[in-house]
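Below: the structure, in structure tokens.
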Amino acid sequence: VDDGDLNDTAAELGYTVYNEPSGVLQPINGTGPRSLFKAGSTIPVKITVADCDGGSVDTLAPQVEVRKLDGTPDGTVVESTSPANPTPGTTMRYDALAPQYIYNLGTKGYASGDYKITISDPSFAAPVEATISLKK
Numbered sequence: 206v207d208d209g210d211l212n213d214t215a216a217e218l219g220y221t222v223y224n225e226p227s228g229v230l231q232p233i234n235g236t237g238p239r240s241l242f243k244a245g246s247t248i249p250v251k252i253t254v255a256d257c258d259g260g261s262v263d264t265l266a267p268q269v270e271v272r273k274l275d276g277t278p279d280g281t282v283v284e285s286t287s288p289a290n291p292t293p294g295t296t297m298r299y300d301a302l303a304p305q306y307i308y309n310l311g312t313k314g315y316a317s318g319d320y321k322i323t324i325s326d327p328s329f330a331a332p333v334e335a336t337i338s339l340k341k
């Protein structure tokens, strides 16, 4: 920040500038009815990330965490799945053609039920979350 008299940095002024992730993109519904997928399928988990000027950020390594929830769905929409191979590990990859981050979530071995997907990165002010349902 330059006020004309001083050359202060964001750290010196005590604030942090975060990247802005989108909500989880289709085929997962980020809002509205919960997405329902077949257990054992591969589900593409996608987000975009912008910097404070609205430009696409392609240098991050967002992490994906999946947790099983207790309870019943509050309404679901059956979604198609991807023939892609599951992504190893927990790190999303950047697809420059899209441009977006993607993680192919393999659900082989997952039980029927509701799952919360959380995507985090130190450059986000808060994680991105979505809930999906799996059915055998």
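Residue numbers (my numbering): 206 to 341. We treat Cβ as the ideally placed atom computed from N, Cα and C, and that holds for glycine.
Which of helix, strand or coil does DSSP assign to D326? One-based indexing of the sequence shown puts residue 326 at position 121. Three-state result, D326: coil.
Short Cβ contact (8 Å threshold) for S328 with L230: Here the question's residue 328 lines up with position 123 in the sequence shown. Here the question's residue 230 lines up with position 25 in the sequence shown. Against a cut-off of 8 Å, the Cβ pair of L230 and S328 comes out as no contact.
What does the alpha-carbon distance come out to for the pair E270 and G294? Taking the first residue of the sequence shown as 1, we reach residue 270 at position 65. Taking the first residue of the sequence shown as 1, we reach residue 294 at position 89. Approximately 10 Å between the Cα atoms of the pair.
D275 lies in the beta strand (DSSP E); which residues open and close that run? The residue given as residue 275 occupies position 70 in the sequence shown. Looking at the DSSP string, D275 is not in any beta strand (DSSP E), and its letter there is neither H nor E.
Give me the DSSP bridge partner(s) of Y308. Residue 308 sits at position 103 when you count from the first residue of the sequence shown. BP columns for Y308 point to V250.
For chain C, check one thing: does any of its Cβ atoms lie closer than 8 Å to the Cβ of P238? Looking at the structure shown, chain C is missing, and only one protein chain is on hand.
Does DSSP put S261 in a helix, a strand or coil? As a first step, residue 261 must be located in the sequence shown, where it is residue number 56. Note: S261 maps to strand in three-state DSSP.
Below 6 Å CB to CB, which residues in the same chain sit around K251 once its five sequence neighbours on both sides are set aside? Sequence index remark: in the sequence shown, residue 251 carries index 46 (1-based). Closer than 6 Å at the Cβ level, and outside the excluded window around K251, lie L230, Q305 and I307.
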